[in-house]
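Structure first, then comments.
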Amino acid sequence: MLGGAGWAAKSSADAAATQQALVAKQHAAVVKAENEAQAKAAKVTGERALRKAQVPGIEASIKAMAVKDVSGGVLVGPVLNSTCTAIGGGSTSALDAASTVFSCFVGTKKNADGSENGYDFNATMDWSTGEYTYGLGKPNS
6 MLGGAGWAAK
16 SSADAAATQQ
26 ALVAKQHAAV
36 VKAENEAQAK
46 AAKVTGERAL
56 RKAQVPGIEA
66 SIKAMAVKDV
76 SGGVLVGPVL
86 NSTCTAIGGG
96 STSALDAAST
106 VFSCFVGTKK
116 NADGSENGYD
126 FNATMDWSTG
136 EYTYGLGKPN
146 S
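This is the structure:
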């Protein structure tokens with residue numbers, strides 16, 4: 006009788022240990038999946054921030070080009086500001102886009118109603134190389 010009770014206790018202990026190992030394995034899988042999801046989200050957030058951070062550089066390059074064009078008599082100044090808005094290939098948040106086309110505006114005169122007059126420029130950012138091109142005129146449709 007005692008041998009049977011000892012075997013039953015050991016069998017019960019083995020079953021509990023197996024159950025605990027299974028629960029621990031499942032918990033580890035859940036934690037791993039959560040960590041991978043958080044890492045992926047952080048990477049996406051970082052890539053979007055990196056893309057967004059490129060826009061001021063594009064705007065500065067266009068403003069410098071406009072200043073040069075005013076100095077060369079191509080445009081009438083003064084150059085007040087430059088702004089760019091993503092219009093093609095998705096926004097800077099569209100990570101599946103290989104490139105983004107920007108419509109840019111260089112303000113040269115503030116009007117009494119708060120609007121501005123100025124010139125249209127365009128830029129295209131190639132996200133795979135991190136390089137962009139830009140020029141005078143509206144972007145090609």
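The sequence shown: position 8 = 13 (this note's numbering), numbered continuously. Here a beta-carbon is modelled for each residue, glycine too, at the ideal position from N, C-alpha and C. Just so you know, these numbers come straight off a predicted model, no measurement behind them.
Next item on the list: Under 7 Å Cβ to Cβ from residue 90, same chain only, skipping five residues before and after it: list those, please.
Entry: 107, 108
Next item on the list: Grab me the residues of residue 92's own chain with a C-beta within less than 6 Å of its C-beta, minus the 5 sequence neighbours each way, in chain order.
Entry: 106, 108
Next item on the list: Round the Cβ separation of residue 100 and residue 49 to the nearest angstrom and send it over; I've been treating them as touching at under 8 Å.
Entry: 6 Å
Next item on the list: Go ahead and pull the three-state DSSP assignment for residue 101.
Entry: coil
Notebook entry, point to check: residue 4: which of 111, 104, 60 sits nearest, CA to CA?
Noted result: Because the chain is modelled from 6 through 146, residue 4 falls outside the range shown and cannot be assessed.
Note to self: Closest to residue 123 by C-alpha separation, out of 96, 81, 25, would be which residue?
What the structure shows: 81
Note to self: Here's the rule: buried if 16 or more other CB atoms are within 10 angstroms of the residue's CB, otherwise exposed. What is residue 60?
What the structure shows: buried
Next item on the list: Would you mind reading off the limits of the beta strand (DSSP E) that contains residue 127?
Entry: 121-131
Next item on the list: Flag this pair as touching only if the segment 56-74 and the segment 17-32 have three or more C-beta atom pairs under 8 Å; answer yes or no.
Entry: no
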